Structure formats: structure tokens, C-alpha cells
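What follows is a single structure, written as C-alpha cells, with notes after it.
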Amino acid sequence: MKNACSKKNAPNPLQQKVYNILNPFEEFKTFQFHKMEIPLDQIVQSTEVVMDQIRLGYERLLEEEAKELVWMVQYNTIIKAYEVAEKYIKEIDYSAEDIEDFCFALESPHKIPYLIPGPAGIYISALCNYAKEEEIVLKLSELKTEINLIGFRLPKGKRLMVEGDTGDFTGIGLEGGELEVEGNAKNWTGAGMRSGKILVKKNIGLHTGEWMMGGEIYVGGRVRGLGNIVEGKVYERDKLVYPGKVRYPNPYY
Amino acid sequence: MNDRKVLVVEKNGYQKQVMAIYQFISDHLYFNRPDIEIKGEPYNSAILLSLLTGLTKGKELIIGEPGLGKTTSAEFICSLAYQFPLGVIWGSEVSGHPEQTEEKIIGRPDLGKLNRGEEDVVWTNFSQMPVKIVDEINRLPETKQSMILDGVDRGNWEYLNEMIINDEYCLFATANYQDGGTNTLIAPLVDRFDVIVESRYPGANLSFLIGKSHGKDHILRHPKYEKDLYRVLKSKIAHQKKIPKMEEICNAFGEYVQETLGVKPLKREDRDRIRTEMESLDLDTDASAFARMLLAELSFCDRYGQKRVVENCEEGCHYTGYLCRQIKNCASNRLPTSIKLFSQGLAWLLGDSEIDIEHVKAVMPFTLSHRVQWKDEVLSQKERAKRDDPFQIFLAKEAVKTVSQRYREQSDHLKDALAVGSKIFQGESLEPLEGDHPIYTEIKKDIRHRRNH
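Sequences listed follow chains V and P, in order. Taken in order, the first sequence gives residues 11 to 263; the numbers are from this note's numbering. Taken in order, the second sequence gives residues 2 to 454; the numbers are from this note's numbering.
Listed below in C-alpha cells is the structure:
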């Protein structure tokens, strides 16, 4: 028994060896190291964190407003979607570059599985409206899909420039902001806008300025058709086309 | 110089005493120009490093043209740092020549006792003295150089199954540049020297002054004490018993020097105290990381695991830009010992509380230059570069400068990598840091070894 006890208490020579292992870095035992990151790593890392938040907001918007991936453009659906988008965006600290990155991410299925142009446009508009920057440039000329509803409710003091074409409902409900599209804009541009300025460098579609309450629309190319305008001005190649004789009566109205 | 020295005086009296010896030699005995700058102060490398050799129990190889004071500088240092009259130092010197024998260097049989059938050894003054000077060591044939390897390295002198061990000793060897009568110093002997230094031409004007002054050798002589010391050295008592007797005479000579010359040589207890103080100085993290970085470059080989003089690394290696590509041999374990020893000595002398990177950078070229074998292409590339130093020391200084530049660029990252290494050794679950330098690979190798345990 005595022998067994003494054997039990004897230090395990192998264990001792591990504990006594020489530390060749002993001098640095108390040195406080900090994880070194090169600036690019930090930028990439912080951008990814922000992008994740933005993506999450968009996915929640789809979950709430585009169940079964169908979204109908109606006055109340737009308002509702915008409110949902606002709710998520207010919690994110992002910059104008992040909005542009999000636009590109929309076309990468591994980043964002579903691109539904309506909610996407509402979400981008909300991002632009709540961005810190007063002037935002979105380089969308490489995008294969035209985003609808860009510039929705763009407030006074904001200037949004879009390089490339935009889809339907561009700049609707504009609230004093300045929207500039380098390419073409489709139908219902400036519908319901209250004030501000829309400049489309190339052509514009049908129903331009539908229920427009104020502001100005400048078109560098051709206006395919004007909508029922309440108040405001529309220029085609520097020539005032509204108020004035409506050259293109709306065949669908 | 003198703000720092004033600070030193307040901090510790020994630094002042040693600097006074430096100044005395510089002003009266060994005329030369300052050739290195440490922390903004100019120094003469031959006097400074010889003094540190004496204080740290080191080994120094002094090279230079004939007649430029290689041996004399060592003699003056030995005399003032160990309180020996010059006559005794001269009588204990060993000179390198082809006919040199073990009997003349280490000891011989006691012939009187041998006649009576007893075996005893009469030790030479050289083997018994704590200060050892080998004059013109490269005139010793290569086969005979091996004879003094152990004595040079450990202070153990062995003859006829008897041995004396020098507890305290320093060694100076002088070597001329290659001429008809010189031999190559064998690598194991060269590696045993902590530092190499050149005794340089002082310039035409100082040289002219040396020519005019006579009798400077004699100011450190004292025939009576020399005779007394010889008597002790020749006495038949055990070596250990001779030491206190020699110290007594040395102390008397020291007092004589202080009275006549105004400079106070170092007593045995002074030297012991100084060494204790030096040993308490540690390298700070920068000095340690920098030394590790240099050692990694001097020993690393990605292809063959480490540098070996018999293996030539290939073209196209990732580490082409580092020193490992330019050298043939691997740094020995004596190199870091020498770096630490002399950095400690220098930090102490300058009154600093720890060894910093400046101390390490100052001594490194002198600890390195004799130990590195450069590849022929490097030698031919740099041979004609404009320089003040002998070629080997010049190459070493350039190498230290290059590594220092690299260290400046990544010091924070390297210290972090070493700290992470330490944490992993303490059992923390971390990953070693990556970096583009052989040292990071070395750190990873050590960590792998730790994890395999």
C-alpha cells in the first residue's frame, strides 16, 4: 500500500518534461502584442461588416414585403416597403461607396440571392436618402438589370447622380432633391414628384411626370410620352414641353 | 563626451574609473583616432573593445599592419585592467611561429623531479596569467593552432594529465595581414574569438608624435614588482595558491600606478563587481528581436534546413534578398554569446540600465566579421567599394546596416510574432504570425517543435 501511494505521488517524468520545456521567446513573455493589420485589411473588413448589415436589411425587406418573391407596384406597397427599408437602414453606419457596392452585389447571386428591381430600388433610394453624404454617385452602367424606383423621395439638399440607365418610376415622389441620370430612364419618371429637379441625359419613357405636383424634369434626348401633370415643368432638349401643348397624348391613360 | 560621463559618475564609480583608463591610454599610450560612434560619442574601437575584452573575460583578435600597435595596445589594457607591470606581461606572451611547441605555450615536465622518477608539470607564465597575449597568432601553423583551442575557449590548460583552470582570464591575439610567413587561422579557432578589431594607422601627424615620444612603455613598468611576480609564478606551489599572492603584488603595483600616473587600475574585486553589474543587464525587446533577426539571416536555409559550408544554396530561392544567400557558413552558437557579452559590457560602460539596440548594433560588426564566410561573388562585388575599415569588418558593418534597415521596417510585427511565440509556449491557443523573413519561419519551426511535445 505504501509503495502504491508513493508511486501515485511521484511526478510523471514525461509531464515534467512538458512543463520544463524551454521557451525560446521568454524575453517576450510580458510584451503586449497587438494584432497587426495592414490598412487594406481593415478597410476590407469594415466594408464587409457594413455590407453584411446592408444585405441583411434588404433580405428582411424581401421577407416582409415580397413574400413568394412577388411584388406589385402600388402606391401603398411602395410606401410600406420604404417604411420597412427606413427601419433597417437607420441602424446602419454606411457611406455612399457602400451603396454602390450593394448595387453591384445585387447581381451576384452568391451575395444576394434575389434581385427584385422594385424593392431593390426602394431600398437603394432609402439608402441614398439617409446617407451622410449630400452628393452621391452611383456607377450603375455595368449593371445588367435596370433598377426601378431610384431616387424615390430624394430630399432637398441631396444630389444623386446615376451613371447608366435606370428603370421605371425613377425619381417618383421627389422631395426637393436633384437626380441626374447619365443614360436613359424608363416609364413613370418623376411621377408624383413634389419639388426638385430630374435631369435625364438621354431618352425618357412614357407617363413622364404623372401626377407631378412641382419641380422640373430636364430630358437631353426624347420624351416618349408625358403623363397627367398637375404642376411643374418638363423640358426636352432645352425646350419647355410642359406647360404647353402636349405633343404626345398618353395612349394608355 | 561628457554629459554622459558625468551621469555615469553619479550612477556608479566604476564606470568613471574605467573611462579614466580609456582616456589615459588614449591620451598617453596608444595614439589613435576615434573610428566608431556610439550614441553620438566618438570612440577608438581598438581601445574600447580591448577594454571590454579585459572586463568581460573575453577574447579578442587584433589585426593590422605590422608596427601599428596591435600588441602594445593589448599590453596597456592588460596592465591597467589587471594591475600587471608590463615586464610580466611581456614575459608571459606567446609568439606564434612555426617552431612553437606545447611545452613553450602550456607547460613542460619538471626535469628535476623527472630525474627522481616523479612526474610534475612546470606551467608557463602564459598558462598561469589571467591576461594572455598571443602575438602573431597566424604565424602558428594550422596543425599547431589546434593545440590552444581548449585553452582559448575555456581557460583549461592541460599537460601530462595535469590541468590548471583559469577562473579569470582574457585573451588577446594579434594577427598580421596575409604575407609569406602567415597561415590561415582555422575556423574553430577564429570562432572562439569574441571580437575582431583593427589597430589602425593613426594618421601622419599622430604617427610623427609617436616617433618623437620615448619611454612610454616604461611608465607601466616596475622591476621590483615584476621580480616578485616572477618569483610567485615560478614557485612550486599549486596554481590556486599563487593567485592571492599575485593579487597582493598586483595591488601594490596598482597603488604605485595611481600615485605616479594618476590613473587607478582595476583590482580583482573591482573587476568582479563590474562583472556582476554587467551580468544584471538584460537585452530590451528591440535588442533581442534585432539580434534574432540577424542570427536568422546568418543561419537560415529554406532548402537545406540550415546553412552548411559544404552546401551551396540554389538560384531562385524566395529568400534571395537576405544574408543567407550571400554567405557560405552557419553562425555558431558563440556568436550570440559574444554579442550579448560585449553589448552588456558596452551598456554598462555607458551607464545604461539595459542593453538596447544601439549597443547591439555597435558591437555586432566586430563579433561577426571574423565568423562569416562570404561567397566569392559577394567578395568580388564589394572588394573595391570605398571604405575605411578592413574588408571583413566593412562587410560585417554593411550587413548589420542592411539588417537594421529591415528591422526598422518590421520591428513591431517581429516583436508581436515573438510575443505570440511566447504565448504559444505558455500554452495559449494562437497561430504564429506570418512574415516575409527567415525569422518567422524559425519561429514557426520552434512552435511546431513545442506542439509536437
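Cβ atoms here follow ideal geometry from the backbone N, Cα and C, with glycine treated the same way. Quantities reported herein were computed from a predicted structural model and do not represent experimental measurements.
Rounded C-alpha distance that separates residue i from residue j
i: P:Tyr323; j: P:Glu298; result: 6 angstroms
i: V:Tyr262; j: V:Val60; result: Reliability of the predicted coordinates at V:Tyr262 is poor, the pLDDT of 47 falling under 50, and the value obtained from them is presented with this limitation in mind. Between V:Tyr262 and V:Val60, the C-alpha separation is close to 43 angstroms.
i: P:Ile339; j: V:Ala106; result: Per the sequence shown, residue 339 of chain P should be read as Ser rather than Ile. Taking the straight line joining both Cα atoms gives about 60 angstroms.
i: P:Asp121; j: P:Leu112; result: 8 angstroms
i: V:Glu110; j: V:Tyr245; result: 29 angstroms
i: V:Ala136; j: V:Val229; result: 24 angstroms
i: P:Asn126; j: P:Phe301; result: 43 angstroms
i: P:Asp168; j: P:Gly152; result: 12 angstroms
i: P:Tyr231; j: P:Ile106; result: 16 angstroms
i: P:Leu342; j: P:Leu369; result: 13 angstroms
i: P:Val10; j: P:Cys251; result: With a pLDDT of only 39 at P:Val10, under the threshold of 50, the placement of this residue in the model should not be trusted, and no figure is reported.
i: P:Phe426; j: P:Glu443; result: 14 angstroms
i: P:Asp218; j: P:Leu30; result: 8 angstroms
i: P:Ala82; j: P:Thr321; result: 45 angstroms
i: P:Arg335; j: P:Val191; result: 11 angstroms
i: P:Ala397; j: P:Val19; result: 28 angstroms
i: P:Glu256; j: P:Cys171; result: 22 angstroms
i: P:Asn184; j: P:Pro224; result: 36 angstroms
i: P:Gly108; j: P:Ala332; result: 34 angstroms
i: P:Asp413; j: V:His44; result: 9 angstroms
i: P:Gln146; j: P:Asp180; result: 18 angstroms
i: P:Val7; j: P:Gln259; result: The predicted model places P:Val7 with a pLDDT of 40, which falls under 50 and marks its position as unreliable, so this point remains unresolved.
i: P:Lys424; j: P:Tyr441; result: 15 angstroms
i: V:Thr66; j: V:Gly177; result: This sequence places Leu at residue 66 of chain V; Thr is not what is there. Spanning the two alpha carbons is a distance of roughly 24 angstroms.
i: P:Ala174; j: P:Glu104; result: 19 angstroms
i: V:Arg234; j: V:Thr218; result: 8 angstroms
i: P:Leu221; j: P:Pro439; result: 51 angstroms
i: P:Asn162; j: P:Gln129; result: 17 angstroms
i: P:Ala292; j: P:Asp447; result: 17 angstroms
Within chain V, the residues that residue i reaches when beta carbons sit closer than 8 angstroms
i: P:Ser236; result: Result: empty, since nearest Cβ-Cβ is about 46 angstroms, beyond 8 angstroms.
i: P:Arg407; result: The contacting residues do not exist; P:Arg407 stays about 16 angstroms from chain V at best.
i: P:Ser430; result: Neighbours of P:Ser430 on chain V: none; closest Cβ ~15 angstroms, over 8 angstroms.
Beta-carbon neighbours of residue i, restricted to chain V and to distances below 7 angstroms
i: P:Thr286; result: Glu37, Phe38 and Phe41
i: P:Arg451; result: Ile31
i: P:Asp447; result: Pro34
i: P:Ser289; result: Glu37
Neighbour list for residue i in chain V, Cβ cutoff strictly below 9 angstroms
i: P:Asp353; result: Residues of chain V passing the Cβ test: none, with the nearest at roughly 17 angstroms.
i: P:Asp523; result: Examination of residue 523 of chain P is not possible in this model, given that chain P is present from 2 through 454 alone.
Nearest-angstrom Cβ-Cβ length linking residue i and residue j, presumed shorter than 8 angstroms
i: V:Pro127; j: V:Glu156; result: 7 angstroms
i: P:Trp349; j: P:Glu270; result: About 16 angstroms separates the two Cβ atoms, so there is no contact after all.
i: P:Tyr178; j: P:Glu66; result: 7 angstroms
i: V:Gly167; j: V:Glu144; result: 6 angstroms
i: V:Leu181; j: V:Leu164; result: Per the sequence presented here, residue 181 of chain V reads as Gly, with Leu not at that position. The pair is a contact, with the Cβ atoms about 7 angstroms apart (cut-off 8 angstroms).
i: P:Gln374; j: P:Asn330; result: 4 angstroms
i: P:Phe254; j: P:Gln84; result: 5 angstroms
i: P:Phe392; j: P:Glu384; result: 7 angstroms
Cutoff 8 angstroms; reference residue i; Cβ partners in own chain excluding five residues on either side
i: V:Leu71; result: Ala91, Val94, Ala95, Tyr98, Pro129, Ile132 and Tyr133
i: P:Ser27; result: Asn33, Asn45 and Ile48
i: P:Leu282; result: Gln345, Ala348, Trp349, Asp353, Ser354, Glu355 and Ile356
i: P:Ser96; result: Val135, Asp136, Glu137 and Arg140
i: P:Met247; result: Leu230, Val233 and Leu234
i: P:Gly182; result: Arg140
i: P:Arg193; result: Lys60, Leu150, Val153, Asp154 and Arg335
Within-7 angstroms CB hit, residue i to chain B
i: V:Gly254; result: Absent here is chain B; the protein component of the structure consists of chains V and P.
Own chain residues within Cβ distance below 6 angstroms of residue i, not counting five before or after
i: P:Asp287; result: Ile358
i: P:Ala47; result: Ser74, Val198 and Ser200
i: P:Ser344; result: Ile356, His360, Val361 and Val364
i: V:Glu226; result: Lys207 and Lys243
i: V:Glu192; result: Glu173 and Lys211
i: V:Ala76; result: Ile126 and Pro129
i: V:Lys196; result: Gly177, Asp178 and Gly215
Beta-carbon contacts of residue i that lie in its chain and below 7 angstroms, excluding the five residues immediately before and after
i: V:Leu250; result: Lys243
i: P:Ile166; result: Gly156 and Asn157
i: P:Lys58; result: Glu169, Tyr170 and Cys171
Can you list, in chain order, the residues of the stretch 411-426 of chain P whose Cβ is nearer than 7 angstroms to any Cβ on chain V? Residues of the stretch 411-426 of chain P with a Cβ closer than 7 angstroms to any Cβ of chain V, in chain order: Asp413, His414, Lys416, Asp417, Leu419, Ala420, Val421, Gly422, Ser423 and Phe426.
When Cβ atoms are compared, which residues of the stretch 31-44 of chain V fall closer than 8 angstroms to chain P? Ile31, Asn33, Pro34, Phe35, Glu36, Glu37, Phe38, Lys39, Phe41, Gln42, Phe43 and His44
Anything in the stretch 330-360 of chain P with a Cβ closer than 7 angstroms to a Cβ of chain V? List those residues in chain order, please. For the stretch 330-360 of chain P, which is checked against every Cβ of chain V, not one residue is closer than 7 angstroms.
Members of the stretch 263-284 of chain P near chain V, C-beta cut-off 9 angstroms: Asp283 and Leu284
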